[in-house]
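Position 158 of the sequence shown, counted from 1, bears residue number 157 in numbering that gives the first Met the number 0, the numbering being contiguous throughout.
Even for Gly, the Cβ is constructed at its ideal location relative to N, Cα and C.
Note that the structure is predicted; figures quoted are calculated from it, not measured.
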Amino acid sequence: MLIDRDLVRRRLAGRPCHKIADTGLREAAVLLALFRRDREDWLLLTRRTDAVRHHKGEICLPGGSREPTDAGPVATALRETEEELGLGPNRFDILGCLDDVVSVHGYRVSPVVAELDRPGGYRPDPDEIDAVLELPLCGFFRPGAHHSENWKHRGRMERVHFYRVEGVEVWGMTAAVLRQFFRLVHLL
């Protein structure tokens, strides 16, 4: 499965990006990084260690909290990716941003979509990252790869999405960001 990068760039640029204005939320950004291998598109994800404060052992997109010196979500996503995986900003071509999402831990998360120049060269921070995961995009669309459940959170029922790809379970906010991207490029 290959996605036309120019199409992604046009779709991201050609629509208003929904930014959540709630000032009570802390700011964060994640990087949805695509790369090509063997004429297929792949996604870069991480498994968090059990030592981190939030999302212990979970599968996540690289990213984290905004620092006061960050110029915006792109800068945050790139800085955090470099801290977590040792991949410098020059390794990425920014394609655009998705709509903000709110995490269960009170963060307004801005997803940034980028093309990674090539897989590999990872130097994961052992305090934060247990494993670097490369998952084929086509795996998210295989029969049985996706299901959803209704979960009660803060007194409200919410639909939570799950993907199982190559034995890896991706769920929650990460799955929500991926679904937003899949819809944007008309994969859903």
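How far does the alpha helix (DSSP H) with residue i in it extend, from its first residue to its last?
| i | result |
| --- | --- |
| Leu183 | 171-183 |
| Glu82 | 72-84 |
If you draw a straight line from the alpha carbon of residue i to that of residue j, how long is it in whole angstroms?
| i | j | result |
| --- | --- | --- |
| Leu177 | Thr22 | 25 Å |
| Leu60 | Thr173 | 6 Å |
| Lys18 | Ala144 | 30 Å |
| Leu24 | Met156 | 21 Å |
| Phe91 | Arg38 | 19 Å |
| Arg8 | Val73 | 15 Å |
| Gly120 | Gly154 | 44 Å |
| Ala188 | Gly105 | Residue coverage of the chain in this structure runs from 0 to 187, which leaves residue 188 outside it and unanswerable. |
| Pro67 | Gly166 | 38 Å |
| Leu94 | Arg14 | 13 Å |
| Asp116 | Gly87 | 11 Å |
| Glu148 | Thr80 | 30 Å |
So for residue i, helix, strand or coil by DSSP?
| i | result |
| --- | --- |
| Arg107 | strand |
| Pro61 | coil |
| Arg90 | helix |
| Ala130 | strand |
| Ala20 | coil |
| Ala50 | coil |
| Pro123 | coil |
How far does the beta strand (DSSP E) with residue i in it reach, from first residue to last?
| i | result |
| --- | --- |
| Val7 | Here Val7 belongs to no beta strand (DSSP E); instead the alpha helix (DSSP H) covers 4-12. |
| Pro142 | From DSSP, Pro142 is part of no beta strand (DSSP E); its letter is neither H nor E. |
Quick one: what's residue i bridged to in DSSP?
| i | result |
| --- | --- |
| Cys96 | Val111 |
| Asn149 | Arg158 |
| Phe34 | Trp41 |
| Val167 | Val164 |
| Pro135 | Trp41 |
| Glu26 | Arg107 |
Whose CA, out of the options, lies closest to the CA of residue i?
| i | options | result |
| --- | --- | --- |
| Glu26 | Phe34, Pro110, Leu42 | Pro110 |
| Phe140 | Phe181, Leu24, Glu66 | Phe181 |
| Asp98 | Leu31, Gly56, Gly154, Asp49 | Leu31 |
| Ala50 | Glu148, Asp126, Asp69, Glu168 | Asp126 |
| Ala175 | Ala70, Gly56, Glu66, Val100 | Val100 |
| Val29 | Thr48, Arg4, Asp40, Arg65 | Arg65 |
| Asp83 | Leu94, Leu33, Pro123, Tyr106 | The question names Asp, but residue 83 in the sequence shown is Glu. Minimum Cα distance to Glu83 is reached at Pro123. |
| Gly171 | Lys151, Leu132, His185 | Lys151 |
| Glu168 | Pro142, Asn149, Ala113, Ile58 | Ile58 |
| Leu186 | Pro118, Ser147, Gly138 | Gly138 |
| Arg46 | Val184, Leu134, Pro118 | Leu134 |
| Val164 | Arg4, Leu44, Ala12, Leu1 | Leu44 |
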